[in-house]
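This report concerns only the one structure given below.
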């Protein structure tokens, strides 16, 4: 449970513009898929925001 609490704390401490991938180590193998999924989501959000910025410019 502690690694999950650690992951939640790291996410809560980020500001809304912080879209860098999560790198929480050490991370138990069973939580790696969650970290990968969150990192993929962050990458997708960053991509959408970049397209929006280019469209507005």
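Numbering (UniProt numbering), first residue to last: 1 to 57. Each residue gets a CB set at the ideal place from its N, CA and C atoms; glycine is no exception.
Pull up the CB-CB distance for residue i and residue j, whole angstroms please, since I reckon it's below 8 Å.
{"i": "residue 27", "j": "residue 39", "result": "Actually they are not in contact, since the Cβ atoms of residue 27 and residue 39 sit about 12 Å apart, beyond 8 Å."}
So, for residue i: in the same chain, excluding its five sequence neighbours on each side, which residues have a beta-carbon less than 7 Å away from its beta-carbon?
{"i": "residue 24", "result": "6, 7, 10 and 35"}
{"i": "residue 19", "result": "42, 45 and 46"}
Residue j and residue i - do their beta-carbons sit closer together than 8 Å?
{"i": "residue 42", "j": "residue 4", "result": "no"}
Mind checking which residues open and close the alpha helix (DSSP H) that includes residue i?
{"i": "residue 7", "result": "2-13"}
{"i": "residue 38", "result": "32-56"}
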